[in-house]
Structure formats: C-alpha cells, structure tokens
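**Q** Quick one: the structure is below, and I'll ask about it shortly.
Protein chains in written order, with full-length UniProt numbering: chain A, 1 to 458; chain B, 1 to 151.
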C-alpha cells in the first residue's frame, strides 16, 4: 500500500535536511479536507516525529477523544501510509453519524453561486457566509449607488425572497418559482430609473436649502423640512412618481407667521408649473428665496419636541407650536395627548380615592387667572380640603368647587388660606329654593370668579 | 433606547456642554441607564449659601418626563433652609404637583438654586423634627402642603 493510493492529492511542499513536508487533500466521506503533514527523513525518528495539521472545518467536527486517538496513532505510526489510512478510518467513523454536509458544497449553494455568476460578480457588494443574504449594487446614470439586499430562503428556493431596497416605494417584483436573481436585478434597475427625476429634484433642494430634516436623507426619504427663517420651516412630502407636482406642505412655526405663509401659498398656487423644478416652484409660490445651507444667520430652529426632546417619533414630527413667543416650542401631538391623559387620570384617581366623589358630578372647571393677573399666593391640595369636605358632609352642606385650568390637576387655588370659606361656600342642602340659579345669584364666591364658565357642586 | 433614556441623554449633553452657573452634573456617579444622577450645586455669590457646595440626587422612572423625577439633597451637607428638611427632602411644588414635562433637570436645579438664593434666614422647617421621624423615604410620597412661595 502506497501513500498515493490513500492520498492521491498529496504533494511534497518543502524538503529540509531533517524532514519532508507534504500538503494535500484527503477524501473523507466524499469531501476533501486540506491538511499538512511533516515527516522526519530518518526512519528511526519517524515514531513520535510526525506532525499533522488539518483544516478548521474538519478539526472542529472531531471530538476530543478522537483527537487524542489520532495523536496516539501519529506518535506510534511507523510509516506515513499506515498513519494516513488509520487517520481516514478514524475520522470516517467519527463523522459517519454526525455528518453534516458542509454549506459550501450543497446543491442550493451551488445554484446561488451560479446565479451570481450569471449576474456578474462586479454587481455583488456583499455576501454572507451562508449565501442567504446577497447584497447587490446598481449605479444609476447620475452616479448614485443603489443597494439591493436579497434574503433567500435556502430551505426552499421557490419561496419568494425578501428584498430590501432604499427606494421611496416598496419594491415589488414578479416572482415565480423559476425567477432568477438576474430577473430581480433587472426589475430593480427599472425601478431605480423610475425615480431618477425624484432624486434629482430632491438633490437640488438638498444642495440649495438648509434642510433640517431628515438629518441624513436616504434615497427612500420623500420628506424634507426646509428652513425658511429662524423658528419657521416648511415640511414637504414629495410625490416620488411625479416629483414636480405640488407636494404635501406643512408649516412648522409660530401661528401668526405660519398662517401668513399659508396665505401666500394659497394666493400663489396658480403659479405652480409642473415643468419647473420643485425647488424653483416652491420659491415661486412662497415668494421667497430659501436661505442657503451655509447661511449662519438662521438660528437653529427648535425642532425637537419640548416634551420628549426628539424630533421624529414614530414618523410624527412636532407640529403644535406654543403660541407664546417667549416659548415657541414645538410639541408632538402624541406627547401632548399623553400628558393630558395623565392629568386626567391623576384627577380621576385622586378624586376617587380621596374624595370618594361621584365622577359624573365632577367636571373640570375652567378658571381664568384673577384680573390682576397675579398668581394666587397659596396653594391648597385637595387632600387638605378633606376635612372641610367632611365637615360639609356632616353638616349636609353643598360645596362649590373650583378646579384650576392650568394643570387640570387636583389643585384648588385660593388666594388666602384664611378666606377659604369664601371659596368653598357651605350651603345647607335642604334649604328651600336651592339650585344653580340660586347659587349663581347669591354666593359671594361667584363675584371672585365672575369669569368662571362652569362649576361643580356636590 | 427608550424615550426616557433619549431625553435624559440630550439633557445630559446640554448640561455638560453648557452648564448653568453653579450647577454641574457629576458624571462619575451616573448610572448606566441614566436613571440616577448626582448634580453638584454651589450657593450663588452674595447669598446666605455663598460658595457652599451641595449634592442633589435625581431619580427618574421610565415614565420620565411624564413622571416627575425624585429629587433630594444627598450627603453630609444639607442646606439649612425653611423648605429643606434635614433628611434632604425638598418642599418645592414643581417636584410633585406642579411638575410639567416641559421642565427639565436644568430648570429644577435652577429653581433650587434660586430657592436657596432668596432665603433670608437659615433655619429648618418648623415641622422638621416630626417630618423626619415619620416621612416616607421617597419625598414624592409626601403630600406637601405648600406654606408660602416667598422663599
């Protein structure tokens, strides 16, 4: 038995004075594994002098006890041929039960490689180890690089793969079990060409305007928020199919200014010309020149929501702006809603727990600030009024309660703690003729709160 | 990142980049998810607390900024002030009932510094002894009865 019979793919690699080094492949269960072996020249040094290295793919499949066994045989072997025969036998036995076909050689993987070949390797941007994620690139006429990620289902190649693109619309390709990667790619090229005008229009805007949003526009983003001046910007959503048509417009800023611009826009709308570029059209109908991206006079527009400190939150931008010029913060509708709900819950819970009120009777009462425009000096918590209410109930009285509108919370504002009875008037319940009219006419409380729109009593 | 972490991250950035006078975040004592902060504050010049240094502890829940933070003075040096109890609890309406999500760590710190600055006489709250003995560990659980807003 010669070495050639067992390892026909073994080549001498290096010869020195003391040893010969071989390199080659061994066929084990139909697969070829790379290995190196070093054999001493002198026969007397053969035992214990051989050194073996095999590739990782084989090494990691062998159990520890198998490795020990191989080492023993290697040390005891008296010829290379015998050892190789032993080695193949041991490895075949240990792999027989647990054998997994290596990925690279599976039929499906070969098919995939073939399809990539057909497409051209120059189009390939990235490929993961399992060949199930393929990233392709297409450069359009303007030199923009578009990426297409294809996730293949290797269990069943007839299942429609998932495609990820940076297109403004979902990428829909025709799929039958026989569709190949090249077909998908062709459709992708067609789709990319479809949006050329759209990207050109947005590029003009990105180059010439101070775009606040998105910070790093992708090819997929159809929206832009363009600064008009400090604290005023225009949010547009562009139609990607017909980019020169009038986009969805929304002004973000203080109400007097935004409504002014909205009026200008409405007046000039007839001047919109679909033959003109989007950028020029916007300037035309708004009657302004957008400040350039390098314009430093534009103060950073308070773009973040004053509550969550973010701008884009679940596709929502802060578009409710505080009317008070000193504040002029923008808020997300959802953030404002949330805090309103919390206040409402707070009110309800507190009322239930502490006052044991019939909620149907409780309505938030709006109250404008006192005419002097000063904050009342004292704040009393509802719980502090419990004793008053308990007393009122004991005496079978009716209580008029004012809730302040500023926080819709469980606070009651009174100007002076010692005058509390003026604000919480106790009226015996069974007094004849007692009704709202009576109260509104008689109680001195109402003089203090003459501009109350509503009141709650119990 | 949760919205609470996002917002605190931004607040932290702003406060470390451009700290208001007499207020600085102790970044060594920040917890990893930003839910606990320690802020060093210094009494303003020309006031009773001039050049005195104090530490404020902030604790945020995941509901921040909808939920107010828990704020109290930490450590050995607690200012003697009619609205600050000797266990560090602070009687300040914006920390509980008057909290609004438009407020921030910075505005709370500034309110506390200005509360110290407007103090005319260093004295403990009148009910300090009783309160410190009976209160909950969390000042937010206290039902404050705000006496006055002159200080």
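Glycine is no exception: its CB is placed at the ideal position from the N, C-alpha and C atoms. For clarity, every value in this text was computed on a predicted model and none was experimentally measured.
Among residues of its own chain, excluding the 5 on either side of residue 154 of chain A, which ones have a beta-carbon nearer than 6 Å to its beta-carbon?
**A** 108, 132
**Q** Any beta carbon of chain A sitting closer than 8 Å to that of residue 141 of chain B?
**A** Judged by the 8 Å Cβ criterion, residue 141 of chain B is not in contact with chain A.
**Q** Looking at residue 103 of chain B: is its Cβ nearer than 8 Å to the Cβ of residue 90 of chain B?
**A** no
**Q** Using a beta-carbon distance below 8 Å, is residue 66 of chain B in contact with chain A?
**A** yes
**Q** With a threshold of 8 Å between beta carbons, is residue 177 of chain A in contact with chain B?
**A** no
**Q** Measuring alpha carbon to alpha carbon, tell me which residue in B/62, B/18, B/70 is nearest residue 136 of chain B.
**A** Residue 136 of chain B has its Cα closest to that of B/70, out of B/62, B/18, B/70.
**Q** Taking 8 Å as the cut-off, decide whether the C-beta atoms of residue 258 of chain A and residue 286 of chain A are in contact.
**A** No. Outside cutoff.
**Q** Buried or exposed for residue 262 of chain A, please, with buried defined as at least 16 other CB atoms from any protein chain shown within 10 angstroms of its CB.
**A** With fewer than 16 other Cβ atoms within 10 Å, it is exposed.
**Q** Among all the DSSP beta bridges, which residues are the ones paired with residue 149 of chain A?
**A** A/135, A/164
**Q** Just by C-beta distance, which residues in the segment 36 to 56 of chain B are closer than 9 Å to chain A?
**A** Cβ contacts with chain A: none found.
**Q** Among all the DSSP beta bridges, which residues are the ones paired with residue 305 of chain A?
**A** A/330
**Q** At 7 Å on the CB atoms, spell out the chain A contacts of residue 10 of chain B, in chain order.
**A** Within chain A, the residues 309 have their CB atoms less than 7 Å from the CB of residue 10 of chain B, given in chain order.
**Q** Could you give the distance in angstroms between the alpha-carbon of residue 96 of chain B and the alpha-carbon of residue 216 of chain A?
**A** 40 Å
**Q** Which residue wins for smallest C-alpha separation from residue 49 of chain B, given the options B/85, B/105, B/17, B/79?
**A** Distances from the CA of residue 49 of chain B to each of B/85, B/105, B/17, B/79 were compared; the closest alpha carbon is that of B/79.
**Q** Note down, in chain order, every chain B residue with its Cβ under 7 Å from the Cβ of residue 24 of chain A.
**A** The premise fails here: residue 24 of chain A is roughly 54 Å from chain B at the closest Cβ pair, so nothing lies under 7 Å.
**Q** Contact criterion: CB-CB distance below 8 Å. Does residue 315 of chain A meet it with respect to chain B?
**A** no
**Q** Which residues of the segment 148 to 166 of chain A have a Cβ closer than 7 Å to any Cβ of chain E? Give them in chain order.
**A** Absent from the structure: chain E. Protein chains present are A and B.
**Q** Hey, quick one: how far does the alpha helix (DSSP H) through residue 109 of chain B stretch, first residue to last?
**A** 105 to 117
**Q** Answer with yes or no whether the minimum CB distance from residue 21 of chain B to chain A is below 8 Å.
**A** no
**Q** To the nearest angstrom, report how far apart residue 22 of chain B and residue 253 of chain A are at their CA atoms.
**A** Residue 22 of chain B and residue 253 of chain A have their alpha carbons spaced roughly 33 Å apart.
**Q** In angstroms with no decimal places, state the Cα-to-Cα distance between residue 78 of chain A and residue 12 of chain A.
**A** 19 Å
**Q** What would DSSP say about residue 53 of chain B, mapped onto helix, strand or coil?
**A** strand
**Q** Of the choices A/138, A/143, A/246, A/3, whose alpha-carbon is the least far from that of residue 149 of chain A?
**A** A/138
**Q** Is there a Cβ from chain A that is less than 8 Å from the Cβ of residue 120 of chain B?
**A** no
**Q** Note down, in chain order, every chain A residue with its Cβ under 9 Å from the Cβ of residue 17 of chain B.
**A** Chain-ordered listing is empty here: chain A has no CB closer than 9 Å to the CB of residue 17 of chain B, the nearest sitting near 14 Å.
**Q** Quick check: is the beta carbon of residue 338 of chain A nearer than 8 Å to any beta carbon in chain B?
**A** yes
**Q** Per DSSP, what kind of secondary structure is residue 170 of chain A in: helix, strand or coil?
**A** In this structure, residue 170 of chain A counts as coil in the three-state DSSP scheme.
**Q** Rounding to the nearest angstrom, what Cα-Cα distance links residue 25 of chain A and residue 87 of chain A in this structure?
**A** 13 Å
**Q** I need the DSSP call for residue 381 of chain A, collapsed to helix, strand or coil.
**A** Note that residue 381 of chain A has pLDDT 37, beneath the 50 cutoff, so the model's placement of it is unreliable and the number below is only indicative. Residue state, collapsed to three classes: strand.
**Q** Compare the C-alpha of residue 249 of chain A against each of A/170, A/75, A/281 and name the closest.
**A** A/281
**Q** Compare the beta carbon distance of residue 66 of chain B and residue 101 of chain B with 8 Å and say whether it is the shorter of the two.
**A** yes
**Q** Closer than 8 Å is the cut-off here; do at least three beta carbon pairs connect the segment 14 to 21 of chain A with the segment 32 to 42 of chain A?
**A** Touching, per the Cβ criterion.
**Q** Find the residues of chain A that neighbour residue 136 of chain B, judging by a C-beta separation of less than 8 Å, and give them in chain order.
**A** The contacting residues do not exist; residue 136 of chain B stays about 15 Å from chain A at best.
**Q** I need the DSSP call for residue 37 of chain B, collapsed to helix, strand or coil.
**A** strand
**Q** Residues in the same chain with beta-carbon distance under 8 Å from residue 3 of chain A, minus the five sequence neighbours each way, listed in chain order, please.
**A** 10, 80, 81, 84
**Q** Less than 8 Å separating the beta-carbons of residue 132 of chain B and residue 64 of chain B?
**A** no
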